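Chains as they are written, first to last, in this note's numbering: chain L, 2 to 388; chain H, 4 to 371. Think of the CB as a built atom: it goes at the ideal place given N, C-alpha and C, for glycine as much as any other residue. Quick caveat, the model's predicted, so the values are computed rather than measured. To start, the structure under review is shown below, and the notes come after it.
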């Protein structure tokens, strides 16, 4: 059946800069914000934007990601005709291959898209934290009679060298695209969110697939080629909070943003709620000895110690005389008695034994604890802090 | 246990008759920060692989319907079996049945159609977290016609007074049921019976103008039926009054009891709400409390149970209280020994105090 618009959600990336956090986990499946996984933000945006035909492209370490997404029920994407479809690499009679780049993953799923005969294709990424109405982007695209529209965000000038920067006319027509420029002429950064006229994109994808030199990437190949051909490319200015939690530092920072008095980004907005799975755990139990300062705490937690500027996912237990400061504790972790953690990320189901002290200094990257800390590690960590 | 169907019979259940049950039946009373009383029984059934559950309800069932929906949150939205909520739909002009027999009579075809061989009947006021496998096995092993799930308590509490007690001989056979405490085995309201026997006894009761299936159909026939008691050893409680409701909520503030009822590997299932994690600010002081998700806490909370989405403003104090969903407690308010129903606003500097034995109750959606 025909759909005006199909959404393709890129969720196959390895997120290598997140180190231990993505060792056995796709980046979109990394826990975020006390109860979510990163992909929940994009999927919830789809729900609020009424985008009901969503293909999710997965590749790297997809087990938990697939289990989490399921048939898309938490996001009302379990629908009879369209809804959510997981699109993983596959084989066919003449072989088959992994997804070689962002554009290639779409090319390999032309059949999926064609079933809906869409006018427009939205490409989004499952890696970012933001609230966005994709329908506004689509309306902008239509109004500008564009062939492709790229959502952009104004970034501080000193950070332009980290982004793909778009140079536009006053009318927002894009005439130049520079990947990580040294001397940027504009501070409009691409958010990796695109709308294309499907028929136009399809031609470019098919041409790109024939090229042996292409890296089959939207930012590196498709967009520059379209620009060279003088296609009608426009920018759409997004205003609001947007964070690429690409590194451990930015992952930690995005969490601290959630705790600020004047939050740049709110999880409890009633009009734009983020949906996720619920494990049906009991409400949190705060014990007699607990002290909680500016923190987020989820179901199933039992708190007897002190929390300060920290975020606790579900089913975390913190025993008494422990101090958790500026830290992120993933589901199922157990923090023993008289433990001190500062700027630490404790991964799922990790146990921190009594009397452990682990502190990352303000100028160093937060420490990720990915396996249960034995006494030896604890001692090592202590000597590390003393240095 | 696939040959067992569940029946939650709310017909003869004691109504709390107060503000909490003004517009909802007892089974739908919110409990423990995110549950309703019926969740415990329904979860136990669902986790015992009983995948067909019927509910008899006569009145004030709107919030129950809203809560249960299709049964999906209990995995009861099934192709085979599923959740069947059976409110009164009584059109038989020749119907002479009374009491809960009216439900049985008017849903006879429903029971006949089911392929289940046994029926596990329960109310909603016996609160525990269990699976019924051992209970069912005991029923089979003793070759019983009916098996009652009973339990004993070290201390006899006021709420046990109005419970039926089973008098049991040394080999576990039940010979009578009484309300006074001469018999020690408190009947939980949960029992197992063969479906064909149930239908037979229903017919007999109706023909004799009876009105209480369990008393008139089962217990009155204890001389000819093999009625067994299965003594349940797990942690449990009975909630059938405001006093017991308040006390059992408060009991959960003890880590041991909390862990027993909310066993991590065996969670109690309830309707999912999708709220953000609870946010505590610098001015929050929270001790010995149960707090659900979606709360924003800037004030002081002590010995209390907070449901989802409660806002406690800076300078507000909540002690020994139960605050239900989406209540707003404004700055300077002081609450002690109160139960506040959903969507209530307690205005600035308001002081409300109840007694432990008689907590002060504020009805839904009020502004005080």
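- With contacts defined as CB atoms closer than 8 Å, residue 98 of chain L and residue 62 of chain L fail to qualify as a contacting pair.
- Residue pairing by DSSP places residue 232 of chain H opposite H:151 in a beta bridge.
- DSSP places residue 275 of chain H in the coil class of the three-state scheme, outside both helix and strand.
- If you ignore the 5 residues before and after residue 77 of chain L, its C-beta comes within less than 7 Å of the C-beta of 48, all in its own chain and listed in chain order.
- Between residue 191 of chain H and the set H:154, H:331, H:92 and H:197, the nearest pair of CA atoms involves H:154.
- In this structure, the straight-line span from the alpha carbon of residue 114 of chain L to that of residue 312 of chain L is close to 39 Å.
- Of all alpha-carbon atoms in H:286, H:229, H:68 and H:28, the one lying nearest the alpha-carbon of residue 335 of chain H is that of H:286.
- For residue 203 of chain H, the three-state secondary structure derived from DSSP is helix.
- Proximity to residue 116 of chain L across L:157, L:269, L:56 and L:175 peaks at L:56, based on C-alpha coordinates.
- Within a 10 Å sphere around the beta-carbon of residue 119 of chain L sit 16 or more other beta-carbons, which makes this residue buried.
- Each residue's CA atom was taken as its position, placing residue 179 of chain H and residue 31 of chain L some 59 Å apart.
- Judged by DSSP secondary structure, residue 273 of chain L falls outside any beta strand (DSSP E); it is assigned neither H nor E.
- Nothing from the stretch 320 to 336 of chain H brings a Cβ to less than 7 Å from some Cβ of chain L.
- In the structure shown, the three-state DSSP call for residue 288 of chain L is coil.
- Annotation: residue 101 of chain L is outside any alpha helix (DSSP H) and is labelled neither H nor E by DSSP.
- For residue 207 of chain H, no Cβ of chain L is located within less than 8 Å of the residue's own Cβ.
- Using a Cβ-Cβ cut-off of 7 Å, residue 49 of chain H is close to nothing in chain L; its nearest Cβ partner there is about 11 Å away.
- The Cβ-Cβ distance between residue 56 of chain H and residue 86 of chain H falls below 8 Å.
- For residue 30 of chain L, the nearest beta carbon of chain H is not closer than 8 Å to its own beta carbon.
- In the same chain as residue 127 of chain L, and ignoring 5 residues on each side of it, the C-beta atoms closer than 7 Å to its own belong to 10, 11, 12, 29, 39, 40 and 43, in chain order.
- Within its own chain, the residues whose Cβ lies closer than 7 Å to the Cβ of residue 70 of chain H, once the five positions on either side in sequence are excluded, are 31, 39 and 274, listed in chain order.
- Here DSSP, grouped into helix, strand and coil, assigns residue 304 of chain H to strand.
- The C-alpha of residue 158 of chain H lies about 45 Å from the C-alpha of residue 34 of chain L.
- Among the CB atoms of chain L, none fall inside 8 Å of the CB of residue 254 of chain H.
- Counting C-beta atoms within 10 angstroms of its own C-beta, residue 157 of chain L has fewer than 16 neighbours from the protein chains shown and is therefore classed as exposed.
- In terms of Cβ geometry, residue 303 of chain L and residue 258 of chain H form a close pair [threshold 8 Å].
- For residue 252 of chain L, the closest Cβ of chain H is not nearer than 8 Å.
- Distances from the alpha-carbon of residue 345 of chain L to those of L:308, L:316 and L:322 put L:308 closest.
- Assigned with DSSP and collapsed to three states, residue 135 of chain H falls in coil, not helix or strand.
- Counting only residues of its own chain and dropping the five nearest sequence neighbours on each side, residue 244 of chain L has a CB closer than 6 Å to the CB of 130 and 255.
- Among the CB atoms of chain L, none fall inside 8 Å of the CB of residue 345 of chain H.
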